[in-house]
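First residue of the sequence shown? That's 2 in my numbering, and the numbers climb one at a time after it.
Where is the CB? At the ideal position from N, CA and C, for every residue including glycine.
Read through the structure below, which is laid out as structure tokens, and then see the notes.
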Amino acid sequence: MEGQLSLRWPQQRRIRPYRLPFLGVVTSKLSGCRVTRFLSIVSFFFTLICWQAAAWAQETRAEPASGENSTQESSSDGLPQVSLSDIIGSPGSSVMIPLYYTPDPNTPLRSLTVEIDYVSNNLIFQKASPGTVTEQAGADVQTALTEGSPDEKNVVRSRLRLAFSLPEEQPPKGLPEGLLAYLLFRISTEAKPFAIRLNTSVISAEDIRNPSQEAKVNAQPGMIVVEIPDMMPEATCFFFSH
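This is the structure in structure tokens:
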């Protein structure tokens with residue numbers, strides 16, 4: 002109609018949803034719940050990346066202590082080998098770590114001494130129990146724990162030494178393959194989420210010949226990962242290794 006003004010409201014602009022396909026988030030605006038979910042997922046992936054990066058860094062730094070007849074981080078070279086497992090525990094709990102032995106048929110061993118070095122601020126060694134191999138072979142097992150003093154960063158390191166030997170001076174066969182011992186540790190109730198590496202080395206080993214000769218033995222380290230149940234990992238990496 003002439004003389005009448007036509008009023009039009011400006012057309013409302015449609016907001017296109019923002020899609021994060023790799024995280025499974027589709028939203029036009031980030032609400033409180035979605036923000037929390039988004040940050041939790043990012044934090045989780047960031048923590049995994051940190052732990053993996055720390056492990057890679059440690060692999061490049063791991064070296065046997067000077068003067069020790071040992072070879073850490075075993076390779077497929079046919080040598081005998083001792084190895085620890087990786088265990089997950091929670092604050093206040095006890096964890097039992099098996100120590101395995103894989104012999105070399107060409108180098109049967111009468112005895113070997115294993116040393117484990119680790120950060121012990123929140124990890125307390127309790128005892129070592131003989132495994133099926135040592136019990137069946139009648140081998141003697143001796144343990145000795147040396148606790149260090151705090152350094153300038155208040156980090157305490159401990160060294161656990163385990164010696165295994167057959168009773169005969171010249172046994173017909175060496176230590177058999179299998180479980181040498183169970184190592185029982187207790188995690189402090191004040192421990193925070195962290196991963197602690199159990200650096201392992203064989204400081205001495207003798208074969209069954211008469212007279213006996215020193216033998217080379219590879220060693221594979223273990224790891225204890227402390228986790229708090231029902232809690233998303235924080236975006237901070239705790240990795241004690243050296």
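Would you tell me roughly how many angstroms separate the C-alpha atoms of glycine 79 and aspartate 105, rounded to the nearest one? 6 Å
Cβ shell of aspartate 87 (< 8 Å), same chain only, five flanking positions each side left out: Gly223, Met224, Ile225 and Val226
Shortest alpha-carbon distance to leucine 124 belongs to which of Lys217, Arg158, Glu170 and Ala220? Ranking Lys217, Arg158, Glu170 and Ala220 by Cα distance to leucine 124 puts Arg158 first.
Could you tell me whether the region 168 to 188 touches the region 90 to 107, using the rule of 3 or more Cβ pairs below 8 Å? Contact between the region 168 to 188 and the region 90 to 107 is present, because at least three Cβ pairs lie under 8 Å.
I think leucine 146 touches serine 112, with their Cβ atoms under 8 Å apart; what is that distance to the nearest whole Å? The pair is not a contact, with the Cβ atoms about 20 Å apart (cut-off 8 Å).
Indicate whether asparagine 122 and valine 156 have their beta-carbon atoms separated by less than 8 Å. In this structure, valine 156 lies closer than 8 Å to asparagine 122 by Cβ.
What is the C-beta distance between proline 285 and glycine 175, in whole angstroms, given that I count them as a contact (C-beta under 8 Å)? Coverage of the chain is limited to positions 2 through 243, which leaves residue 285 absent and any answer about it impossible.
Out of curiosity, what's the CA-to-CA distance linking proline 230 and arginine 198? 21 Å
Who are the near neighbours of isoleucine 209 in its chain, counting only those whose CB is closer than 6 Å to its CB and skipping five residues on each side? Pro109, Arg111, Pro172 and Gly175
Which runs of the beta strand (DSSP E) spanning at least 3 residues fall entirely within the region 161 to 188, listed in chain order? 179 to 188
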